[in-house]
Every structure is written in structure tokens, then in C-alpha cells.
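In my numbering, the protein residues as written are 111 to 269.
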């Protein structure tokens, strides 16, 4: 199930890895524009979201303690010590994506017809719609922020 979305999520992860490759660990919390989401928050948020969204289809969340730092409405800081290391963030993101893919592919197809819980339910009323958005649109949205951060930080575009 959701083969297209799983393929897109893996592709977007690879794109994210390319964008992260030349970002020094000590630049992960830099804000070249005040209030701009920085790489540490973006990658932590994507890991936290994939981890949490997997629970809707039977996955077991492992990053619950990240809610305050990376959840919806969390506040950014520019202090590196407030965040896991670059390596830990990337590793957590990769692992969360893989757990998410496994959970989606193993889910009973009937679950995707259930109502979406939470604020996006108004716009994406069925869980399958939410999962599709989460794996593709949500990831792309935040990687777009990373792309904008790169440009604001004086780094070259990749595409």
C-alpha cells in the first residue's frame, strides 16, 4: 500500500540529505533571517512527525520526548545545546521514515478509510488522505524551508 508515497518519501529524504551534506554541525541552528526555521528544527520536526504519524497506522512512536522541541507550535532557539547533534537528527529522521514506511505498508487497508483526527481532518477527512499528505506534502514543505534557509545562508541551490 502507498507505494508511490513511500517512494516519494525516500526520494525526499535523499534530497534532504543532499541539502544537509555541506551544512557544518555548528551551523545547524543558524538563523540567517530572524524567525526562520533552521536545519536542526526542520530535520527534528520531520523525524518527530514521521514517528508520530506512524502511530495512526499501528506504528510505535519512539520520539515522544521530542514533542516540546519539535512538535507543532514548538519554539526555536539558536542554541546548539538545545538540540541533538546533526548526526543524531539525521539518524533519527532516517529511522523514523523507515518505521513510518513499514507501518504504512503493514497496515490493514481499512484503516485508511477511517476519519482523520485533529485539525487537518477538516481538509483531509480520511486517514489515507492525511497519510499521503504527511509522507509527501508535509515532507516537501519543510524541505522547501531547508532550501530557502540554504539560500539565505549564502549556499548554492541544488536544483
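Just so it is clear, CB atoms sit at the ideal spot from N, CA and C, and this is done for glycine as well.
Note that the structure is predicted; figures quoted are calculated from it, not measured.
Sequence-distant residues of the same chain with beta carbon closer than 6 Å to residue i, five excluded per side
i           : result
residue 242 : 115
residue 128 : 268
Enclosing alpha helix (DSSP H) for residue i [first to last residue]
i           : result
residue 121 : 113-130
residue 207 : 196-216
residue 243 : 237-243
Beta-carbon proximity of residue i to residue j, cut-off 9 Å
i           : j           : result
residue 173 : residue 180 : yes
residue 197 : residue 235 : no
residue 123 : residue 204 : yes
residue 154 : residue 193 : yes
residue 160 : residue 244 : yes
Same chain, Cβ closer than 8 Å to residue i, neighbours up to 5 away in sequence not counted
i           : result
residue 111 : 214, 215, 217, 219, 222
residue 226 : 234, 235, 236, 237, 239, 240
Assigned exposure category for residue i - 16 Cβ within 10 Å defines buried
i           : result
residue 162 : buried
residue 182 : exposed
residue 158 : buried
7 Å CB neighbourhood of residue i in its chain, flanking five on each side removed
i           : result
residue 169 : 209, 210, 213
**OP:** Enumerate, from N- to C-terminal direction, the unbroken alpha helix (DSSP H) stretches of 4 or more residues contained entirely within the region 148-181.
**Re:** 149-163, 177-180, all fully within the region 148-181.
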